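Residue numbers (our numbering): 1 to 326. Built from N, CA and C at the ideal position, the CB exists for glycine as well. Keep in mind the model is a prediction, meaning the values are calculated, not measured. Data first, discussion second: the structure below is written as structure tokens.
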């Protein structure tokens, strides 16, 4: 059986000579957020469940905070076989599979129940299945939470408030166009460089979940927070397909069971955590926090309408119809 042996910080090899049912399988799981975020906590819970369900035959070693691979490196590292498991944002996956942009459309989800239905339903399953043609096995979709807007300039309430502002964005064509429609200038910055860029005032604002804003201390430099719930930050939990296919079937089954349990927990935990950390931020006298009204959200939705038309022209209406039907 394959045993992942870490040789350097950026190299994993598989020793195929070490075989046997009792050989421990080590899976290296790299991600780029803090350990105390919904993804970080889910990764740790998953590791514990796998070890428990396999009676120690499988060990998941989790590397948080981009300590093994950066935001820009992790997908390539997985495809090379240098790492076995990652959980990149949906936006990162859109670079390989543009159909995944459907999950980045603004206001595609109304609430957390919508997210859970789509992530665990037919749409989620069909999106994960697309990864196989790229040499990856999609195990699940995890959530971080709804995205909000922050700025170091002013509260962002009307679409016109974005005019001329430089905004950090994830690498997603849909998200870049979202900010262009608002009159802002989108700048792609990897997640592990956001804090440094904020500290240097390289841009005026960014979108993120409360969990990421709080855990990474982005609010130290961005004291204006608009609760907009305009998008949802999800993650694809992915394994190198070549590695997965060589695992014994019983191990695949145990890992799948652990992933299902973790995913159900993650989607509930992310909601609780974002709500709790928003309450903490409201206690900070330096923060200016505003929640959009339904009328104000409607004005944003009108601005974003062209994105839906463009997506439908390029990929058809099937995915959009499926999401509404879930």
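Taking all protein chains in view, the Cβ of residue 140 is crowded by 16 or more other Cβ atoms within 10 Å, so the residue is classified as buried.
Using a Cβ distance threshold of 8 Å, residue 223 and residue 286 count as a contacting pair.
According to the DSSP secondary-structure assignment, residue 293 is paired through a beta bridge with no residue. In the DSSP assignment, residue 153 falls outside any beta strand (DSSP E), carrying neither H nor E.
Beta-bridge pairing by DSSP links residue 27 to 60. Contact check for residue 297 and residue 210: beta-carbon distance about 17 Å, past the 8 Å limit, so the pair fails to qualify.
Counting other Cβ atoms within 10 Å of its Cβ, residue 31 reaches 16 or more and is therefore classed as buried. For residue 166, the uninterrupted beta strand (DSSP E) run begins and ends at 166-169, by DSSP.
Here residue 270 really is in contact with residue 144; their C-beta atoms are around 6 Å apart, less than 8 Å.
By the C-beta criterion, the segment 305-322 is judged to be in contact with the segment 101-118, since at least 3 inter-stretch pairs fall below 8 Å.
Taking the Cβ atoms as the reference, residue 88 lies roughly 15 Å from residue 232, outside the contact range of under 8 Å. A contact is defined here as three or more CB-CB pairs under 8 Å, and the segment 181-189 meets this definition with respect to the segment 158-168. Within the segment 122-208, the runs of beta strand (DSSP E) that reach at least 3 residues and sit entirely inside it are, in chain order, 136-151, 166-169, 185-188. Residue 239 and residue 155 have their C-alpha atoms roughly 40 Å apart. Separation of the CB atoms of residue 100 and residue 266 is rounded to 19 Å, and the pair is thereby denied contact status at 8 Å. Each of 179, 215, 242 was checked against the Cα of residue 132, and the nearest Cα belongs to 242. The alpha-carbon separation between residue 81 and residue 217 amounts to approximately 33 Å. Of the candidates 38, 213, 289, 129, the residue whose Cα lies closest to the Cα of residue 225 is 289.
Under the DSSP assignment, residue 33 falls outside any alpha helix (DSSP H); it carries neither an H nor an E label. The straight-line gap separating the alpha-carbon atoms of residue 70 and residue 53 is approximately 30 Å. A check of alpha carbon separations from residue 95 across 75, 150, 123, 321 identifies 75 as the nearest. Taken atom to atom, the span from the alpha-carbon of residue 26 to that of residue 247 is near 11 Å. For residue 89, the secondary structure class from DSSP, reduced to helix, strand or coil, is strand. Looking at the DSSP output, residue 81 bridges to nothing. By a beta-carbon distance limit of 8 Å, residue 323 contacts residue 102. Their separation comes to about 7 Å.
Between the segment 42-50 and the segment 252-265, the count of C-beta pairs closer than 8 Å reaches three or more; the two stretches touch. The alpha-carbon separation between residue 197 and residue 293 amounts to approximately 31 Å.
Judged by DSSP in its simplified three-state form, residue 112 adopts helix.
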